[in-house]
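Read the structure below first, then the notes.
Numbering (UniProt numbering), first residue to last: 1 to 530.
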């Protein structure tokens, strides 16, 4: 019950307070928890005047690497927030500290590439006196290691910076760790998306699933079909994502090791498409005559597939990621059933009155289009029952692990979203329900469990816009972040996780992320406003 939940939270809070009083000089740690993390009480002072990031001599990437050069600038400001904001500590200009170098080395030069499904995020971090050494296979692993290093640095009451002696070996448990934002039901300004990408990087999420269009609006401005947004967006000038906007989001995400996965959901959820593209949607009939309303995409017309081929050719050139989400969920068959031309087409194709076969035919055709463009297709689980060449995202409530098992048993890759729908309002203390999710707790072989490539937090837009997106998302999404990154055996205890998440939430707040409080308490550096 809600009362029991609050009581348990109070007990955790009391236990944490006692522990913190006993260990007030200790560093609370890193979120998400690294795979192998050893830290001692031996501490080293850091001075922004004598600290610098640099490339190791053995590093394949050197100065001029766009990903790491920009990361060094970004993380210097995150490590020394007072310094970057101009609030200089008096002692910094007086102390003649010896230099402290954070030396970064990577094995492969992917500085101009985009992160992809095979990108390694593994890194090793060693912090000792006057030096931190960060080794990674790729620049993406180095970016994750820089985030970890930034969380290790702390300030005492006088404002001086310290870092403790630390050894870390780290890598993600799952390769796909996503956040879905819905920009159709409410338009999200580009700046709001960029801020979410920042928070994603702090939490080591690596996929931005951009549910960019849907029934209510079509804000993506297509070069090939400009009427889609000019007639389908909430406003053709102010509530659209131009090609420049999309490039900006993709570039911003790339520098943070985040892939951008676009979703163009069909044949359902396409009402807004029909406003700018005639003859695309199915005319609905009532009592044998057109009712003036329209249903899903019309799967019986050759022009439908010609349009889709041209649209996805553009989308595949704009979005560089090898994955594309085709949706396929919640298709209402009633309009198809009412349309005599659809029924005639079904008889011709041998589908009888099985409209699931009609949807399967449509989805097969779309997958063929995207496969020819060398894209890997993802669909919502609705499509799984009659399609075997896709990656499946499980979203329905109920026994979601039963569905995960069914998909994996069929030999298909799986993304789990069901337990991480955060769009409905809920008390922040419910974070534990998103933390105590066990994605592989189903009966299956090791081979089948390896097909579960990760999970995704979904923030649908019925009740969410730029005013409440951030507090509704964080820090509850952080619970999913640790579940998808960290060793399950070391992160199964909610009481032990609570103090780290409380501390991490304060780090987010200091970085300008309006993360909701978990319970009674305070942050040393409270949110200062927009």
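Heads up, the beta-carbon is just placed ideally off N, CA and C, and yes, glycines get one too.
For residue i, which of helix, strand or coil comes out of DSSP?
{"i": "residue 1", "result": "Because the pLDDT at residue 1 is just 49, under 50, the model does not fix this residue reliably, and the value given afterwards should be weighed accordingly. Residue state, collapsed to three classes: coil."}
{"i": "residue 171", "result": "coil"}
{"i": "residue 377", "result": "strand"}
{"i": "residue 136", "result": "strand"}
{"i": "residue 324", "result": "strand"}
{"i": "residue 366", "result": "helix"}
{"i": "residue 289", "result": "strand"}
{"i": "residue 519", "result": "coil"}
{"i": "residue 284", "result": "strand"}
{"i": "residue 35", "result": "coil"}
{"i": "residue 155", "result": "strand"}
{"i": "residue 252", "result": "helix"}
{"i": "residue 202", "result": "helix"}
{"i": "residue 528", "result": "coil"}
{"i": "residue 438", "result": "coil"}
{"i": "residue 371", "result": "helix"}
Which residue marks the beginning of the beta strand (DSSP E) containing residue i, and which one marks its end?
{"i": "residue 449", "result": "It is not in any beta strand (DSSP E) - residue 449 instead sits in the alpha helix (DSSP H) that spans 446-449."}
{"i": "residue 101", "result": "100-106"}
{"i": "residue 115", "result": "That residue, residue 115, is in no beta strand (DSSP E); it is neither H nor E in DSSP."}
{"i": "residue 391", "result": "391-394"}
{"i": "residue 345", "result": "It is not in any beta strand (DSSP E) - residue 345 instead sits in the alpha helix (DSSP H) that spans 340-349."}
{"i": "residue 210", "result": "207-211"}
{"i": "residue 125", "result": "123-128"}
{"i": "residue 55", "result": "51-55"}
I need the straight-line Cα distance from residue i to residue j, nearest angstrom please.
{"i": "residue 207", "j": "residue 415", "result": "12 Å"}
{"i": "residue 339", "j": "residue 353", "result": "12 Å"}
{"i": "residue 398", "j": "residue 448", "result": "21 Å"}
{"i": "residue 463", "j": "residue 481", "result": "23 Å"}
{"i": "residue 147", "j": "residue 139", "result": "13 Å"}
{"i": "residue 315", "j": "residue 114", "result": "16 Å"}
{"i": "residue 381", "j": "residue 264", "result": "16 Å"}
{"i": "residue 145", "j": "residue 111", "result": "16 Å"}
{"i": "residue 332", "j": "residue 469", "result": "29 Å"}
{"i": "residue 225", "j": "residue 104", "result": "45 Å"}
{"i": "residue 222", "j": "residue 238", "result": "15 Å"}
{"i": "residue 277", "j": "residue 406", "result": "38 Å"}
{"i": "residue 484", "j": "residue 175", "result": "8 Å"}
{"i": "residue 143", "j": "residue 443", "result": "35 Å"}
{"i": "residue 518", "j": "residue 365", "result": "47 Å"}
{"i": "residue 351", "j": "residue 357", "result": "6 Å"}
{"i": "residue 60", "j": "residue 107", "result": "6 Å"}
{"i": "residue 510", "j": "residue 437", "result": "28 Å"}
{"i": "residue 524", "j": "residue 164", "result": "20 Å"}
{"i": "residue 344", "j": "residue 234", "result": "36 Å"}
{"i": "residue 209", "j": "residue 98", "result": "45 Å"}
{"i": "residue 119", "j": "residue 45", "result": "34 Å"}
{"i": "residue 526", "j": "residue 472", "result": "18 Å"}
Taking the alpha helix (DSSP H) that residue i belongs to, which residues open and close that run?
{"i": "residue 403", "result": "400-409"}
{"i": "residue 414", "result": "Run containing residue 414: none in the alpha helix (DSSP H); it sits in the beta strand (DSSP E), 414-416."}
{"i": "residue 503", "result": "494-510"}
{"i": "residue 77", "result": "66-79"}
{"i": "residue 315", "result": "302-318"}
{"i": "residue 471", "result": "469-473"}
{"i": "residue 484", "result": "476-485"}
{"i": "residue 232", "result": "227-232"}
Give me whichever residues DSSP pairs with residue i in a beta bridge.
{"i": "residue 164", "result": "43"}
{"i": "residue 431", "result": "BP columns for residue 431 are empty, so no partner."}
{"i": "residue 177", "result": "455"}
{"i": "residue 259", "result": "207"}
{"i": "residue 182", "result": "211"}
{"i": "residue 297", "result": "281"}
{"i": "residue 131", "result": "101, 128"}
{"i": "residue 220", "result": "241"}
{"i": "residue 83", "result": "BP columns for residue 83 are empty, so no partner."}
{"i": "residue 421", "result": "458"}
### Message
Closer than 8 Å is the cut-off here; do at least three beta carbon pairs connect the stretch 428-442 with the stretch 469-485?
### Response
yes
### Task
Flag this pair as touching only if the stretch 174-187 and the stretch 447-461 have three or more C-beta atom pairs under 8 Å; answer yes or no.
yes
### Query
Can we say the stretch 271-287 touches the stretch 215-228, given the rule of at least three CB pairs closer than 8 Å?
yes
### Message
Below 8 Å, how does it come out for the stretch 317-332 and the stretch 237-255: are there three or more Cβ pairs, yes or no?
### Response
yes
#### Entry: the stretch 184-192 contacting the stretch 487-495, beta-carbon criterion three pairs below 8 Å
no
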